Structures are given as C-alpha cells and as structure tokens.
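*Asks:* One structure coming up, written as structure tokens, with questions to follow.
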Amino acid sequence: RLGYDGPVQPEPFTPSLGDLPFEQAAARVKAAMDSVWPG
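Residues 10 to 48 (my numbering) make up the sequence shown, in order.
See the structure below:
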C-alpha cells in the first residue's frame, strides 16, 4: 500500500474500446479501475 489518496485518470488506449458504444467502453474502463483501486 502506497498511501496515495489523490486523483487518478484512466488513459484507455485499447483500440477495441473505440469499437464499443460509449456506455460499454466506460463500463469496461470502470471495471478495470475498480479491480485496481476498489471503492
């Protein structure tokens, strides 16, 4: 644990995300962020 509590911003450069509707792409990015930075 690093103790960092500042803001983070994803940079989803995965080309396959560009092929998805916005809502689906956002949900995938959120799920990925939640798996690393829960709650």
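We put the beta carbon where it would ideally sit given N, CA and C, even for glycine. For clarity, every value in this text was computed on a predicted model and none was experimentally measured.
When the Cα atoms are used, what is the spatial distance from V38 to Q18?
*Replies:* What you label residue 38 is simply residue 29 of the sequence shown in a count that begins at 1. What you label residue 18 is simply residue 9 of the sequence shown in a count that begins at 1. Rounded to whole angstroms, V38 to Q18 spans 10 Å at the Cα level.
*Asks:* Straight-line CA distance for A36 to E20?
*Replies:* Here residue 36 refers to the residue found at position 27 when the sequence shown is read from its first residue. Here residue 20 refers to the residue found at position 11 when the sequence shown is read from its first residue. Approximately 14 Å between the Cα atoms of the pair.
*Asks:* Between G15 and W46, what straight-line distance do the alpha-carbon atoms span, to the nearest angstrom?
*Replies:* For the purposes of this step, residue 15 is taken as the residue at position 6 of the sequence shown. For the purposes of this step, residue 46 is taken as the residue at position 37 of the sequence shown. C-alpha separation (whole angstroms): 12 Å.
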